[in-house]
Structure formats: C-alpha cells, structure tokens
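In my numbering, the protein residues as written are 83 to 552.
What follows is a single structure, written as structure tokens, with notes after it.
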Amino acid sequence: MTLRLYDTATRSVRDFVPKTPGQVGIYLCGLTVQSTPHIGHLRSAVNYDVLRRWLLHTNHDVTFIRNITDVDDKILDKATASGRPFWSIAYANRLLLDADYRGLNVLPATYEPLATAHIPEMHELISALIELGHAYPATGGNGDVYFDVPSYADYGALSGQNPDEMRPPTDGGEPDKRDYRDFALWKGVKADEPEDANWPSPWGRGRPGWHIECSAMARRYLGDEFDIHGGGLDLTFPHHENEIAQSRSAGLPFARYWVHHALLNLGEAKMSKSLGNVIDAASVQAMGIRMVELRYYLGTPHYRSRIDYSDEALREAAVAYRRIEGFVQRAAEVVGPGRPKDVPPAFAAAMNDDLNTSAALAVVHDTIREGNTALAAGDETGIRGALTEVRAMLGVLGLDPLDPAWSGEETKSDLKPVVDSLVKLALEQRSQARARKDWSAADSVRDQLKNAGIQVEDTPAGPRWTVGEH
83 MTLRLYDTAT RSVRDFVPKT PGQVGIYLCG LTVQSTPHIG HLRSAVNYDV LRRWLLHTNH
143 DVTFIRNITD VDDKILDKAT ASGRPFWSIA YANRLLLDAD YRGLNVLPAT YEPLATAHIP
203 EMHELISALI ELGHAYPATG GNGDVYFDVP SYADYGALSG QNPDEMRPPT DGGEPDKRDY
263 RDFALWKGVK ADEPEDANWP SPWGRGRPGW HIECSAMARR YLGDEFDIHG GGLDLTFPHH
323 ENEIAQSRSA GLPFARYWVH HALLNLGEAK MSKSLGNVID AASVQAMGIR MVELRYYLGT
383 PHYRSRIDYS DEALREAAVA YRRIEGFVQR AAEVVGPGRP KDVPPAFAAA MNDDLNTSAA
443 LAVVHDTIRE GNTALAAGDE TGIRGALTEV RAMLGVLGLD PLDPAWSGEE TKSDLKPVVD
503 SLVKLALEQR SQARARKDWS AADSVRDQLK NAGIQVEDTP AGPRWTVGEH
C-alpha cells in the first residue's frame with residue numbers, strides 16, 4: 083500500500099513518492115515564540131508527529147526540521163513594552179514550548195533551527211534574488227529589501243489567489259515598494275525597535291523578513307528540493323505563497339508536497355494569540371486532563387478537519403482514552419506487556435489514506451472489543467494477540483500507555499503509594515464482606531470508593547482499581 087496525502091498545491095490526494103526512495107525530508111513551520119504556546123499550536127505538533135511516526139513505521143528514514151522564529155515584529159513590540167531583551171522573551175517561551183512537546187510525547191525534531199542563527203543563509207538567498215532581478219533594495223536607502231511579486235508569474239498558485247484582484251492597502255502602504263504586493267526580505271533598522279535586534283548586511287543593518295527565514299532554513303537542512311512542507315492552513319497565504327515565490331525565483335525546486343492541517347477554533351474564530359482566545363496546556367491539566375489525553379483529543383480528528391474546542395469534548399476524549407488505557411493495563415496484567423508487532427491491515431489502510439486517524443482509531447477500538455471478549459473468556463492467546471496489535475497501533479499514534487514517556491502521567495507519584503495502600507485496604511474489607519456474603523457491606527465499600535473517584539472492576543485475577551469519573 084502507498085501512502086497518499088492531500089497536496090494543497092494540486093488540490094488533490096496524491097501518492098506520496100519521496101525524492102529519494104526510503105528517505106523523507108519534512109520542513110514544518112514552527113512557532114514564533116512571542117508568548118506561551120496554546121493547544122492550537124500543539125495540534126500542529128501532534129499532527130506532524132503522527133505523520134513522522136507512520137513514515138518511520140513504514141521503514142523510512144525521516145529528517146524532520148521544525149524551525150523557531152525568534153525575532154519578529156510582535157516579539158520586538160513586547161521587548162520594547164516590557165524592557166526585556168527580545169532574545170530573553172523568545173528563549174523563555176521556547177522553553178515552555180519544549181516542555182509541552184515533551185509532555186505530549188512529540189518526538190524531538192532532527193534539527194530545530196533558530197531564525198537568528200541563519201542570517202548568512204538569508205543574505206545569500208536575498209543576494210541571488212537581487213542578481214536575478216526578483217528583488218530590489220528600497221530606493222530610500224533605509225536598508226529594506228523587497229521581493230518583486232510581479233516578476234514571479236505563478237504567484238498565487240498555491241493559495242488560489244489572483245494577484246490582479248489583490249487590493250492595495252487603504253493607508254497608502256510603504257512608499258519604497260515598487261508594487262503594493264511586494265513583501266520584505268530584509269528590514270532596515272527602525273528607530274522604535276530594540277538596538278540589539280539587527281545584524282549587518284550588504285544593504286545596511288537590519289533583520290530578516292518572516293518569509294525568507296523558512297526558505298533559507300529549509301534549504302540549509304534539506305537541500306534545494308525536499309519532500310514535504312507542513313503548516314497550518316492559515317499559513318498558506320501569504321507565508322507559504324511567498325516562500326514558494328522567493329525559492330522558485332532563486333531557481334530552487336523547493337517542496338514537492340504541501341501538507342496543511344486545519345485549525346483549532348474557540349468559538350467562531352481560530353485559537354490565536356493575537357485574538358486572545360487561547361487555552362494552554364497548563365489550563366487543560368488544571369481541569370484534570372492528562373497530557374496523553376490531550377494528545378488523544380488533538381490527534382483523533384482527521385488532520386484536515388477543523389476542531390471546535392469545548393470542555394465537554396475534551397473530557398469525552400479523556401474518558402475514551404481511559405477505556406483504551408484500561409484494556410492495555412488489564413491485558414498486560416494477565417499476559418505481560420508483550421512486544422508490539424505489525425499493525426492490522428485495516429489500520430495501515432486508514433493511515434495510508436491521507437492519515438485518516440479517525441478510521442485508524444476505529445480499528446483500535448474494534449481490536450480492544452475483541453481483546454475484552456478474550457479477557458472475559460480467559461483466552462490468553464486472544465488477549466496477547468489483541469494487546470500486541472493495540473500497542474503497535476497506539477505506538478504509531480504516540481499513545482501507547484506503556485510507553486515510558488507517559489510514566490509520569492499517573493496520579494502524583496508521591497501520593498500514589500499511599501493511595502494504592504488505602505484502596506487495597508478497602509478492597510480487602512470488601513472481599514471479606516463478600517466472603518461472608520454481607521453484600522450490603524461489600525456494596526457500601528464499592529460505592530464509597532466510587533464517590534472518591536475510584537472505579538473497581540472484578541476480574542478473574544481479582545479486583546482491580548482505576549481512577550475514574552466522579
């Protein structure tokens with residue numbers, strides 16, 4: 083079976099054929115670290131982590147690049163307003179982002195380049211564009227350099243925009259531009275920006291424009307042509323459109339496939355730092371939702387389907403994951419953790435169908451139903467077969483409960499031994515009541531545990547408990 087992916091550039095689902103057989107290069111537009119990350123950002127990380135894990139599972143060598151934009155207008159505005167160095171703001175927010183990635187079991191990027199560490203590569207690309215007639219220094223001598231949009235005939239092809247229908251800004255725009263559609267490759271020093279937020283260049287001191295950063299970093303780590311460029315739908319225009327224009331104008335083939343994920347909305351608008359309608363991972367955890375459950379929530383819908391956030395939907399996803407987790411734990415208690423092997427053909431077919439995670443998870447739940455039947459019958463062969471398949475599928479999705487990455491996700495580790503001892507004591511009292519056929523007392527113990535959020539299940543191996551819903 084061949085992996086098929088929706089390519090924004092062709093507006094079609096295409097067979098994925100890597101440039102080099104068995105090797106895949108992916109560039110994902112990462113975050114501008116102006117503030118703390120929110121769960122909309124984390125959806126992007128989870129979606130492309132699933133893509134990467136599936137490629138690894140199907141024996142591909144994956145080079146995964148996810149950049150960090152650590153200088154831009156918003157970061158500099160915050161630096162000016164707060165009196166903090168711009169790099170201090172960027173670094174603090176990057177640390178928070180890294181912690182969230184680890185918390186969600188997102189595989190580390192092969193390389194995670196900073197924009198500010200790749201100024202020479204940007205200068206090289208801008209110089210080539212000027213020499214080829216696709217870019218020009220501003221006539222005002224202020225250090226700005228612009229890309230000449232009319233010089234690139236295919237501008238608008240990725241996003242479906244017609245350049246002739248683009249309206250000029252009502253405020254008159256920037257007078258040094260030849261055309262109102264032109265965009266900045268290099269920005270000269272501005273009086274109201276921090277003094278240390280600029281670098282020397284052939285056109286005067288300044289800093290890079292947003293779009294040139296990704297073209298330069300993708301080329302640095304993946305070469306002139308690579309397989310997949312990813313990002314949110316909101317980046318299609320202007321960011322990715324401008325990346326294509328400047329890279330192709332410089333003679334670079336650039337990305338072979340453009341894979342965009344849909345957004346996570348809160349209310350009627352996308353979750354956005356600029357709109358202020360954001361929910362971060364810490365807020366989710368404060369609701370009693372673990373990071374593994376957040377990953378399940380973000381990864382269950384198809385990556386091209388919009389998520390309309392609600393607390394209720396998040397809690398429902400958490401309950402669904404706990405059912406999966408419960409089966410894995412029960413089965414492992416009977417036959418041991420096993421060794422995950424091949425995924426079922428139906429799961430592979432779903433993943434190869436444009437990463438249809440919804441259909442893939444349906445296979446997970448079907449297999450768990452078979453495993454529960456085997457558990458009830460004491461069929462160890464059936465239990466073992468279901469467990470190894472379920473763990474293999476969950477491993478691809480980054481959701482295996484037995485993955486050491488989730489080992490810190492239990493009830494607070496310092497309290498767990500105490501809770502475990504107390505529950506075992508209560509279960510012993512319940513077992514003694516059942517032995518003397520005092521059903522009222524046995525039920526009373528069970529009900530009190532339930533009221534405390536402890537679910538008790540009677541199994542052939544004896545009673546077992548989990549933390550459940552009140």
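Virtual Cβ for every residue (Gly too), placed ideally from N, Cα, C.
Please name the residue, chosen from the options, that lies closest to residue i on a Cα-to-Cα basis.
i    : options                : result
L484 : S387, F409, H322       : F409
E375 : W488, H384, R96        : W488
A351 : G370, A368, Y378, Y391 : Y391
C296 : M353, D152, Q243       : D152
T382 : E323, H447, V538       : H447
G418 : L437, T470, I371, T198 : T470
E213 : G222, H200, V227       : V227
L211 : L479, Y234, H322       : Y234
V478 : V505, Y378, G291, E247 : Y378
G107 : R386, G305, R412       : G305
L110 : D89, T102, D155, E194  : E194
Y403 : D393, S387, M373, P426 : M373
R134 : L240, W547, L85, D362  : L85
I389 : K269, D274, N129, T90  : N129
H384 : D435, A430, A363       : D435
Give me the Cα-Cα distance between residue i and residue j, rounded to the nearest whole angstrom.
i    : j    : result
G57  : G112 : Nothing about residue 57 can be reported from this structure: the residues present for the chain run from 83 to 552 only.
A24  : S126 : As shown, the chain starts at 83 and ends at 552. That puts residue 24 outside it, with no answer to give.
G464 : T455 : 9 Å
M433 : R451 : 21 Å
L437 : L396 : 21 Å
G490 : A400 : 17 Å
T118 : F98  : 35 Å
Q556 : A508 : No answer is possible for residue 556: it lies beyond the span of the chain, which begins at 83 and ends at 552.
S164 : L177 : 19 Å
E510 : W547 : 12 Å
H139 : M83  : 13 Å
R301 : R289 : 19 Å
N324 : K156 : 20 Å
I536 : P545 : 12 Å
V95  : H343 : 14 Å
Helix or strand or just coil, what does DSSP make of residue i?
i    : result
E539 : strand
T114 : strand
F98  : coil
P290 : strand
P545 : strand
I201 : helix
H142 : coil
T493 : For T493, the pLDDT reaches just 41, beneath the cut-off of 50, and the residue's location in the model is therefore unreliable, although a value from the coordinates is still provided. Correct three-state label for T493: coil.
G185 : helix
K532 : helix
D253 : coil
L179 : helix
For the beta strand (DSSP E) holding residue i, just list the boundary residues, first then last.
i    : result
L267 : 265-270
L87  : 86-89
Y218 : 217-219
E307 : 307-314
L348 : 346-348
Y339 : 336-343
Y234 : Element bounds for Y234: n/a, residue is neither H nor E.
Y228 : 227-229
Tell me, to the nearest whole angstrom, how far the beta carbon of residue i is from that of residue j; I am working on the premise that it is less than 8 Å.
i    : j    : result
K160 : I150 : Their Cβ separation, rounded to whole angstroms, is 16 Å, which puts K160 and I150 out of contact at 8 Å.
A191 : R148 : 4 Å
A474 : P422 : 4 Å
H200 : M299 : 5 Å
Cβ-heavy atom distance between residue i and the ligand HEM below 6 Å?
i   : result
L85 : Absence of the ligand HEM from the depicted structure is noted, as is the absence of any ligand whatsoever, leaving it without description.
Where do the ends of the alpha helix (DSSP H) carrying residue i lie?
i    : result
L457 : 439-459
D129 : Looking at the sequence shown, residue 129 is not Asp but Asn. That run of the alpha helix (DSSP H) goes 121-139.
V574 : For residue 574 there is no data in the structure shown, the boundaries of the chain being 83 and 552.
Y378 : 373-381
F319 : Here F319 belongs to no alpha helix (DSSP H), and DSSP marks it neither H nor E.
M433 : 427-434
T470 : 462-479
T162 : 155-164
G408 : 393-417
A327 : 323-331
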